[in-house]
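Engineer: To start, I am sharing the structure in question, which I have written as structure tokens.
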Amino acid sequence: APTSAIILAARHPRAVRGKRMGALKWWLRIVGVLYVLEGGGLTARALLDRAGFAAMWASTEASALDELAIRGAQIAGLPTVMTWALLGVLTLVFSRVPEKARVLVITVALWELLVWIPSDIVGSFNGFTMPRTVALVAIHAVIGISGLLLLRRATKI
1260 APTSAIILAA RHPRAVRGKR MGALKWWLRI VGVLYVLEGG GLTARALLDR AGFAAMWAST
1320 EASALDELAI RGAQIAGLPT VMTWALLGVL TLVFSRVPEK ARVLVITVAL WELLVWIPSD
1380 IVGSFNGFTM PRTVALVAIH AVIGISGLLL LRRATKI
């Protein structure tokens, strides 16, 4: 079977690449839907339930926050959740042409690994419960590492 795959790759490299791109295409779709739902939902919450949005980021009850804290959390958090929505739309668009999504996949993966995991760890020292931190770190690690591995696999021939 390995010999036949090598022969197939030599004769029809697009056939092999297409199979490898399939996994990356599905990664882009899954991450895209997740990001659109999360980013869109949290954007709506930031605009419609400002106190609840701020309390979520501060890991406290909304009643514990004053207006200045709510405003600060909204101003700081809104670009973050809107970025999720934007990256979600981009990953869905590029899922149609995964061979052109290299920079986007690297961006999303590194954003997960180098921005969100450290942010979760900092959150654990500032009010996040340990189960929440572990769950978030696991999710961000899975998205980031799987994206890089699938990209590496898809670009090998």
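When the letters of the sequence shown are read in order and numbered with our numbering, they come out as residues 1260 to 1416. Glycine included, every Cβ here is placed at the ideal spot set by N, Cα and C.
Would you call the stretch 1378-1386 in contact with the stretch 1309-1325, where contact means no fewer than 3 C-beta pairs closer than 8 Å?
Structural biologist: Yes, the stretch 1378-1386 is in contact with the stretch 1309-1325.
Engineer: Is the beta carbon of V1367 sitting closer than 8 Å to the one on L1395?
Structural biologist: The residue you call residue 1367 lines up with position 108 of the sequence shown. The residue you call residue 1395 lines up with position 136 of the sequence shown. No, they are not a contact pair.
Engineer: Return helix, strand or coil for V1356, following the three-state DSSP convention.
Structural biologist: Start at 1 with the first residue of the sequence shown, and residue 1356 comes out as number 97. Coil, per DSSP.
Engineer: Could you check whether the Cβ of G1281 sits closer than 7 Å to any heavy atom belonging to the ligand MG?
Structural biologist: Looking at this structure, you won't find the ligand MG or any other ligand, since it has none at all.
Engineer: Identify whether L1410 lies in helix, strand or coil by the three-state DSSP scheme.
Structural biologist: Position 151 of the sequence shown, counted from the first residue, corresponds to residue 1410. Helix, per DSSP.
Engineer: How is the alpha helix (DSSP H) around F1387 delimited, first residue to last?
Structural biologist: What you label residue 1387 is simply residue 128 of the sequence shown in a count that begins at 1. Counting along the chain, F1387 falls outside any alpha helix (DSSP H), and DSSP gives it neither H nor E.
Engineer: Just how far apart, CA to CA, sit A1360 and A1323?
Structural biologist: Walking along the sequence shown from the start, residue 1360 turns up at place 101. Walking along the sequence shown from the start, residue 1323 turns up at place 64. Each residue's alpha carbon lies about 43 Å from the other.
Engineer: Could you give the DSSP three-state label for T1319: helix, strand or coil?
Structural biologist: The count along the sequence shown starts at 1 and reaches residue 1319 at position 60. Coil, per DSSP.
Engineer: Could you compute how far the alpha carbon of G1281 sits from the alpha carbon of V1292?
Structural biologist: Within the sequence shown, residue 1281 is the residue found at index 22, counting from 1. Within the sequence shown, residue 1292 is the residue found at index 33, counting from 1. Computed Cα separation, rounded: 17 Å.
Engineer: For V1364, which residues from the same chain have a beta carbon less than 6 Å from its beta carbon, with the 5 sequence-adjacent residues on both sides left out?
Structural biologist: As a first step, residue 1364 is located in the sequence shown; it is residue number 105 there, counting from the start. Same-chain partners within the cutoff: G1406, L1410.
Engineer: Under the three-state reduction of DSSP, which class applies to D1308: helix, strand or coil?
Structural biologist: The sequence position of residue 1308 within the sequence shown is 49, counting from 1. Coil at D1308, not helix or strand.
Engineer: Please determine if the stretch 1297-1313 and the stretch 1339-1358 are in contact, where contact requires at least 3 C-beta pairs separated by less than 8 Å.
Structural biologist: Yes, the stretch 1297-1313 is in contact with the stretch 1339-1358.
Engineer: Please list, in chain order, all residues of the same chain as W1375 whose beta carbon is under 6 Å from its beta carbon, the five residues on each side excluded.
Structural biologist: What you label residue 1375 is simply residue 116 of the sequence shown in a count that begins at 1. Answer for W1375: H1399, listed in chain order.
Engineer: Could you tell me whether the Cβ atoms of Q1333 and R1309 are closer together than 8 Å?
Structural biologist: In the sequence shown, the residue the question calls residue 1333 occupies position 74. In the sequence shown, the residue the question calls residue 1309 occupies position 50. Contact: yes.
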